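Read left to right, the sequence shown gives residues 1 to 116 (UniProt numbering). Backbone N, C-alpha and C fix where the C-beta goes; we use that ideal spot for every residue, glycine too. Please read all numbers here as calculations on a predicted model, not as lab measurements. Down below is the structure, laid out as structure tokens.
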Amino acid sequence: MHGNPMPDSYVYVTEEGVTRHYADGSVEALAWEDVVEVRVVTESGEDVLYILLDRDGEGCVVPRSATDATFLARLRYLPDFDLDRLTLAADSTRDGVVVVWRSPDPPSALPDLEYD
1 MHGNPMPDSY
11 VYVTEEGVTR
21 HYADGSVEAL
31 AWEDVVEVRV
41 VTESGEDVLY
51 ILLDRDGEGC
61 VVPRSATDAT
71 FLARLRYLPD
81 FDLDRLTLAA
91 DSTRDGVVVV
101 WRSPDPPSAL
111 PDLEYD
């Protein structure tokens, strides 16, 4: 059989939230109203990751390669979201994690997460 290999995940963005379905059947989903923080993870040679977190530190990992204008447009509905800040962080040549947005009413502390 010819063609592209099956992707390891699919990302769906709706007015209600974002969902990532993995090839192994697992699912990550987060409603927009529950998003309290957006992080950008950059690592040399890897896809940029957007991490959307809720108050419990749970969330959805969205690879930049799986995003489109709908995802970026929906992020702009978050209060005072700065798309330029997101772009600067995603285009950085330095490896690391950058918090690009926090809810005006965030939880007291979100856990530091390890990314594979």
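- Here residue 23 carries a coil assignment [DSSP, helix/strand/coil].
- Rounded to whole angstroms, the gap between the alpha carbons of residue 57 and residue 28 is 13 Å.
- Contact between residue 35 and residue 52 is confirmed by a C-beta separation of about 5 Å, below the 8 Å threshold.
- The beta-bridge partner set that DSSP reports for residue 42 consists of 96.
- For residue 78, the three-state secondary structure derived from DSSP is coil.
- Under the 8 Å Cβ criterion, the region 81-97 does not count as touching the region 14-29, having fewer than three qualifying pairs.
- Going by C-alpha positions, residue 90 is about 23 Å away from residue 33.
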